[in-house]
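> Heads up: the sequence shown runs through residues 0 to 932, numbered per numbering that gives the first Met the number 0.
Glycine included, every Cβ here is placed at the ideal spot set by N, Cα and C.
Here the structure is a predicted model, which is why all the values come from computation and not from measurement.
The structure follows.
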Amino acid sequence: MEYNFKEIEKRWQEFWTDQKIYKVVENKDKPKYYVLDMFPYPSGAGLHVGHPLGYIASDIYSRYKRLQGFNVLHPMGYDAYGLPAEQYAIQTGQHPSITTNQNIKRYKEQLDKIGFSFDWDREIRTCEPEYYKWTQWAFVQMFESYYCYDEQQARPITELISVFEQQGSEGMNIACSEELLFTADEWKSKTEKEKQEILLNYRIAYLGETMVNWCAALGTVLANDEVINGLSERGGYPVEQRKMRQWCLRVSAYAQRLLEGLDKIDWTDSLKETQKNWIGRSEGAEMKFKVKDSDIELEIFTTRADTVFGVTFMVLAPESDYVSLLTKPNQQAEVDAYLQATKKRTERERQAEKKVSGVFSGSHAINPLNGKEIPIWIADYVLAGYGTGAIMAVPAHDSRDYAFAKHFNLPIIPLVEGCDISEESYDAKEGIVTNSDFLNGLTVKEAISKAKQYIEEKGIGKVKTNYRLRDAIFSRQRYWGEPFPVYYKDGMPYMLPIDKLPLELPEVSKFLPTETGEPPLGNAVKWAWDSVKQEIVDKSEINDTTIFPLELNTMPGFAGSSAYYLRYMDPHNNEALVSKAKDEYWRNVDLYIGGTEHATGHLIYSRFWNKFLFDINVSCEDEPFQKLINQGMIQGRSNFVYRINGTNKFVSFGLKDQHETTELHVDVNIVSNDILDLEAFKAWRPEFANAEFILEEDKYICGYGVEKMSKSLYNVVNPDNIVEKYGADTLRLYEMFLGPLEQSKPWDTNGIDGVHRFLRRFWNLFYNGEEVSISDDTPTKDELKSLHKLIKKVTQDIENFSFNTSVSAFMICVNELTSLKCNKKAILEQLITVIAPFAPHIAEQLWNTLGYTTTVCDAQWPEHNEDYLKEDVINYTISFNGKARFTIEFAADAANNEIESTVLNHANSQKWLEGKTPKKVIIVPKKIVNVVL
0 MEYNFKEIEK
10 RWQEFWTDQK
20 IYKVVENKDK
30 PKYYVLDMFP
40 YPSGAGLHVG
50 HPLGYIASDI
60 YSRYKRLQGF
70 NVLHPMGYDA
80 YGLPAEQYAI
90 QTGQHPSITT
100 NQNIKRYKEQ
110 LDKIGFSFDW
120 DREIRTCEPE
130 YYKWTQWAFV
140 QMFESYYCYD
150 EQQARPITEL
160 ISVFEQQGSE
170 GMNIACSEEL
180 LFTADEWKSK
190 TEKEKQEILL
200 NYRIAYLGET
210 MVNWCAALGT
220 VLANDEVING
230 LSERGGYPVE
240 QRKMRQWCLR
250 VSAYAQRLLE
260 GLDKIDWTDS
270 LKETQKNWIG
280 RSEGAEMKFK
290 VKDSDIELEI
300 FTTRADTVFG
310 VTFMVLAPES
320 DYVSLLTKPN
330 QQAEVDAYLQ
340 ATKKRTERER
350 QAEKKVSGVF
360 SGSHAINPLN
370 GKEIPIWIAD
380 YVLAGYGTGA
390 IMAVPAHDSR
400 DYAFAKHFNL
410 PIIPLVEGCD
420 ISEESYDAKE
430 GIVTNSDFLN
440 GLTVKEAISK
450 AKQYIEEKGI
460 GKVKTNYRLR
470 DAIFSRQRYW
480 GEPFPVYYKD
490 GMPYMLPIDK
500 LPLELPEVSK
510 FLPTETGEPP
520 LGNAVKWAWD
530 SVKQEIVDKS
540 EINDTTIFPL
550 ELNTMPGFAG
560 SSAYYLRYMD
570 PHNNEALVSK
580 AKDEYWRNVD
590 LYIGGTEHAT
600 GHLIYSRFWN
610 KFLFDINVSC
620 EDEPFQKLIN
630 QGMIQGRSNF
640 VYRINGTNKF
650 VSFGLKDQHE
660 TTELHVDVNI
670 VSNDILDLEA
680 FKAWRPEFAN
690 AEFILEEDKY
700 ICGYGVEKMS
710 KSLYNVVNPD
720 NIVEKYGADT
730 LRLYEMFLGP
740 LEQSKPWDTN
750 GIDGVHRFLR
760 RFWNLFYNGE
770 EVSISDDTPT
780 KDELKSLHKL
790 IKKVTQDIEN
800 FSFNTSVSAF
810 MICVNELTSL
820 KCNKKAILEQ
830 LITVIAPFAP
840 HIAEQLWNTL
850 GYTTTVCDAQ
860 WPEHNEDYLK
870 EDVINYTISF
880 NGKARFTIEF
890 AADAANNEIE
900 STVLNHANSQ
910 KWLEGKTPKK
920 VIIVPKKIVN
930 VVL
């Protein structure tokens, strides 16, 4: 019978849906296993073949764990808010929800065609009020909390208010934007507005002045990864640095816990190192430098207090508040011009920049240890958010300070006699610090410690641990995002009552900012909060007494993706983000698969969000993702045609050097194994309708190259086309066969025919012509060996995510069983089970062919038996003086003396012995015998 994949795949996809085969419920009789994919943003372009790579891997693992008896949660949903949908809405006037729902429908159709084992009953969409109600709820909880360093957890803000009422702020070891000192009486004397302003200094969700990437053309703040070379990724519009009052989340409070948590989870060392560098823990001293002829003191943070004697200048971040205070009139024009230029560059670009730039403020600071005057400069290699936004520069021992000093001809004072200009050479020298008598003779470690102690004793600073990790900017001036459940009373933010959530996104007349520059929600008519009626009313009713304006910003993209894994556990619960019972059953994600691009964004924010929920007893696990695998990228395999200059004639690849040609990208979907479909090419674009061709052996051979998969390069391959031509099982196997999961690799259809032929050979093991041919006979030793070799290999491969070598093992096994003419049910039914995670459609069909009425998903994963893998005989290579000469077969349990005797007396050995007595015979068990003469 022919392998009709179209009929088979349609049949079993309908069966899985109708019978809800992938629906999962909590079952305490089974061990749980939670497999999660980083859910997609549903773009209008749909899926290309690179997108399913991680989903196929997670699906294989999910099916494998189910076959092992686990209760597997494998959900899917959509990260449905985002700037692309909003920009499309602005261009067309169509509401973002319409295009988003259309895109989701297309995505789901594509995903279903590939045969994933998703429990669609748990689907979530971040743009649905039923979902973002809980994002808003979490934000309210963060607003009503502060972070206590002593307890190392979030605590209710009401506790903090009680402390302020009793003892003021002194002695509090808590996270804050700036240190405030006030007594209990001073607190009690403050107005309600003043108290709320102070509390914002401590809340985990707070309003604060911060530098942002502002794109005027898009009318919104952009994340760093949405800006490329000073332009917005979306549309290519100019972006500038601007200080704005924004909602922020106090992620920095969790920096140490985020670091420590990395030791508890199974992530790659490289990913952990990336996060450690991003969090950036450093121990040092925070010092005060007085400004000459001023009452101003500059605070700086340094990890090398022992180098203060080598300071020759100071540098302020362009955004620092000190810039306006310290710039002298004669420097103002030059400073203003520099600040204007800096606004056009993101902090990420500034950090990567190697070109030196800066401007002198005109002011000088006083070195607190030696009293010397130090010029104060402004330069964009210093960032406002790290430390204090001001640094002391020690050019003799820091590469960036050195480059700056050389460029502007500033002094360079080495701290060590005869050392090179580098911090490393200073560290390599021990005990010879020359510019500070009280540090002479100490090792570097001792000098740092003594310098910090000295600074504290003199009252010019304090020892401090600092982190590079900064608080997350949580406001966006967009329409298509989660509304903040916030109204403003006397300019201060207040939260809507929990029982009035969700605050739904209102209708607006247009999706652009208002004429007065307010975010798009400013266009909403019904967008005010009636605190008496507890409902949303028309803006015209605002009286700032009982009816107040609502927040006009919306939340950023990462808001909806920060706790979605918890919602999957209990997606239809209207009373809680997740019930305690379901959270304690599923606990956390056992396996998370997604791209490396989220290493310092989503994975930091999600871990922070989860730790906060853990603090308030919502999540039962401190870390959300136990094991993380980053899949590589499938790159595009581009094809090229070669047009003879000045003509509409195209020459085949092998003949192109005989003509002057221009290389053009061609749609890979009209190319098969680098052979161009000539008629499809003519129909592809009007200008090629009358194209002529110079062929090689009656074929037009295209050139090829590996590039990023992109519509503009015509190398995007739609998985629908592959499924239509070869079937979903072929696509699944082939994507795994391309190479190791975690490596990037090019898409190349040249090998896909081989995978499809393999599935046909697999199918033919079960049929003799049109008839099913299955035997109940006892398997032979060779058949059992072939099967159990496969079981052992595939089990190990799945556990190690080496899916590509599993596909090779399948091919070898099927070839061996075909050669053995194996049709034994005892062999084939286990073969079906082992291949089922990879090719579920053909597995279901053949499982049914064997007479089973239940799904293959509920079969039992077989264990390999080592007894079947033992060799009865071993083929030894016989060598003389290290050179292989012939082979001899021995029983697997043959003793060494028997092997030696047989070799020396063998007829073939006499030629190489030449009558000599061997000096020794070396036997490498089960491999080689070497006779040394």
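Tell me the DSSP secondary structure of P482 in three-state form.
Taking the sequence shown and counting its residues from 1, one reaches residue 482 at position 483. Three-state result, P482: strand.
> Among residues of its own chain, excluding the 5 on either side of D754, which ones have a beta-carbon nearer than 7 Å to its beta-carbon?
The residue you call residue 754 lines up with position 755 of the sequence shown. With the sequence shown as reference, residue 754 is identified as Val, and Asp is not the correct amino acid for it. Around V754: T729, L732, Y733 and F736.
> Taking just the CA atoms, how far does N102 sit from A84?
Mapped onto the sequence shown, residue 84 falls at position 85. Mapped onto the sequence shown, residue 102 falls at position 103. For A84 and N102, the distance between alpha carbons rounds to 10 Å.
> What are the residues that DSSP puts in a beta bridge with K242?
The count along the sequence shown starts at 1 and reaches residue 242 at position 243. In the DSSP output, where bridge partners are listed per residue, K242 has M210.
> With a threshold of 6 Å on Cβ separation, who are the neighbours of R477 within its own chain once the five nearest residues in sequence on each side are excluded?
The sequence position of residue 477 within the sequence shown is 478, counting from 1. The answer, listed in chain order, is E85, T219 and T553.
> In this structure, how does DSSP classify I97 when only helix, strand and coil are distinguished?
Your numbering for residue 97 matches position 98 in the sequence shown. Note: I97 maps to helix in three-state DSSP.
> What are the boundary residues of the beta strand (DSSP E) that includes W376?
For the purposes of this step, residue 376 is identified with residue 377 of the sequence shown, where counting begins at 1. Element bounds for W376: E372 to I377.
> Any contact of the stretch 479-496 with the stretch 67-81, i.e. 3+ C-beta pairs under 8 Å?
yes
> Expressed to the nearest angstrom, what Euclidean distance is found between the alpha-carbon atoms of S785 and Y867?
For this step, residue 785 is matched to residue 786 along the sequence shown. For this step, residue 867 is matched to residue 868 along the sequence shown. The straight-line gap from Cα to Cα measures roughly 9 Å.
> Between which two residues does the beta strand (DSSP E) holding H664 run?
Residue mapping note: residue 664 aligns to position 665 of the sequence shown, counting from 1. H664 -> beta strand (DSSP E) spans T660 to V665.
> How far does the beta strand (DSSP E) with G460 in it reach, from first residue to last?
To locate residue 460, count along the sequence shown from 1; it is residue 461. Its beta strand (DSSP E) spans residues G460 to Y466.
> On the three-state DSSP scale, how would you describe R249?
If you number the sequence shown from 1, residue 249 lands on position 250. R249 falls in the coil class under three-state DSSP.
> Identify, in the order they occur along the chain, each residue of the same chain with its Cβ nearer than 6 Å to the Cβ of E888, setting aside the five sequence neighbours on each side.
Sequence index remark: in the sequence shown, residue 888 carries index 889 (1-based). So the qualifying residues of the chain are V872 and N874.
> With distances taken from CA atoms, which of G49, R121 and A392 is nearest L72?
Residue mapping note: residue 72 aligns to position 73 of the sequence shown, counting from 1. Of G49, R121 and A392, the residue nearest in Cα terms is R121.
> Between Y380 and R399, what straight-line distance do the alpha-carbon atoms span, to the nearest angstrom?
Translated into the one-based positions of the sequence shown, residue 380 becomes position 381. Translated into the one-based positions of the sequence shown, residue 399 becomes position 400. In this model, Y380 and R399 are separated by some 8 Å (Cα to Cα).
> Which value, in whole angstroms, describes the spacing of the CA atoms of W746 and F802?
Residue numbering aside, residue 746 sits at position 747 when the sequence shown is read from its first letter. Residue numbering aside, residue 802 sits at position 803 when the sequence shown is read from its first letter. When rounded, the distance between both Cα atoms is 16 Å.
> From V665 to Y87, what does the alpha carbon distance come to, in whole angstroms?
The residue given as residue 665 occupies position 666 in the sequence shown. The residue given as residue 87 occupies position 88 in the sequence shown. If I take the Cα positions, the gap works out to 27 Å.
> How many whole angstroms separate the CB atoms of A284 and T301, which I take to be in contact at a CB cut-off of 8 Å?
The residue given as residue 284 occupies position 285 in the sequence shown. The residue given as residue 301 occupies position 302 in the sequence shown. So it is a contact: roughly 6 Å between Cβ atoms.
> K11 and Q844 look like a contact to me (Cβ under 8 Å); what is the Cβ gap, rounded to whole Å?
As a first step, residue 11 must be located in the sequence shown, where it is residue number 12. As a first step, residue 844 must be located in the sequence shown, where it is residue number 845. Strictly speaking, residue 11 in this sequence is Trp, with Lys absent from that position. Going by Cβ atoms, the distance from W11 to Q844 rounds to 7 Å, so yes, they are a contact pair.
> Mark Q18 as exposed unless 16 or more other C-beta atoms lie within 10 angstroms of its C-beta, in which case mark it buried.
Taking the first residue of the sequence shown as position 1, residue 18 is located at position 19. Classification of Q18: exposed, given that the 10 Å Cβ count is below 16.
> Taking C-beta to C-beta, are S116 and S168 nearer than 8 Å?
Walking along the sequence shown from the start, residue 116 turns up at place 117. Walking along the sequence shown from the start, residue 168 turns up at place 169. No, the Cβ-Cβ distance between S116 and S168 is not below 8 Å.
> Tell me whether the beta-carbon of V443 lies closer than 8 Å to the beta-carbon of F403.
The residue you call residue 443 lines up with position 444 of the sequence shown. The residue you call residue 403 lines up with position 404 of the sequence shown. Contact: no.
> For I615, which residues from the same chain have a beta carbon less than 8 Å from its beta carbon, with the 5 sequence-adjacent residues on both sides left out?
Here residue 615 refers to the residue found at position 616 when the sequence shown is read from its first residue. Answer for I615: Q140, S144 and A153, listed in chain order.
> Whole angstroms is fine: what's the gap from G49's alpha carbon to R884's?
Counting from 1 along the sequence shown, the entry for residue 49 is found at position 50. Counting from 1 along the sequence shown, the entry for residue 884 is found at position 885. Cα to Cα, G49 sits roughly 50 Å from R884.
> At 4 residues or longer, and completely inside the stretch 330-415: list those alpha helix (DSSP H) runs for me, N to C.
With a minimum length of 4 residues, the continuous alpha helix (DSSP H) runs that stay inside the stretch 330-415 are 331-341, 346-351 and 398-406.
> Using three-state DSSP, classify W860 as helix, strand or coil.
As a position in the sequence shown, residue 860 is number 861, starting the count at 1. Per DSSP, reduced to three states, the secondary structure at W860 is coil, with no helix or strand assignment.
> On a Cα-Cα basis, can you pick out the residue from L912, Y21, L789 and F761 that is closest to E1?
As a working note, residue 1 is residue 2 in the sequence shown. For E1, the nearest C-alpha among the options comes from F761.
> Which same chain residues, not among the five before or five after S421, have their C-beta less than 6 Å away from its C-beta?
Stepping through the sequence shown from its first residue, residue 421 is reached at position 422. Note on S421: pLDDT 47, under 50, position unreliable in the model; no value is reported.
> Compute the beta-carbon to beta-carbon distance between L677 and Y699, rounded to the nearest angstrom, for a pair I have assumed lies under 8 Å.
The residue labelled residue 677 in the question sits at position 678 within the sequence shown. The residue labelled residue 699 in the question sits at position 700 within the sequence shown. The Cβ separation is near 6 Å, so the contact holds.
> Assuming F308 and L414 are in contact, meaning their beta carbons sit under 8 Å apart, how far apart are those beta carbons, in whole angstroms?
Within the sequence shown, the letter at position 309 stands for residue 308. Within the sequence shown, the letter at position 415 stands for residue 414. Approximately 6 Å separates the beta-carbon atoms of F308 and L414; this is inside 8 Å, confirming the contact.
> Looking only at its own chain, which residues have a Cβ that is under 7 Å from the Cβ of A378, when we skip the five neighbours before and after it?
Position 379 of the sequence shown, counted from the first residue, corresponds to residue 378. Here the set comprises V314, S356, G357 and F403.
> For the 8 Å Cβ check, are there 3 or more pairs between the stretch 322-333 and the stretch 253-262?
no
> Is it true that the stretch 235-252 meets the stretch 199-214, where meeting means three or more beta-carbon pairs spaced less than 8 Å apart?
yes
> Determine the DSSP secondary structure at T876, reduced to helix, strand or coil.
Translated into positions along the sequence shown, residue 876 becomes position 877. Correct three-state label for T876: strand.
> Should V432 be labelled buried (16 or more other beta-carbon atoms within 10 Å of its own) or exposed?
Within the sequence shown, numbered from 1, the residue matching residue 432 stands at position 433. Reliability of the predicted coordinates at V432 is poor, the pLDDT of 49 falling under 50, and no value is obtained from them.
> Do T886 and I898 have their C-beta atoms closer together than 8 Å?
Taking the first residue of the sequence shown as 1, we reach residue 886 at position 887. Taking the first residue of the sequence shown as 1, we reach residue 898 at position 899. Their beta carbons are not under 8 Å apart, which means T886 does not touch I898 by this criterion.
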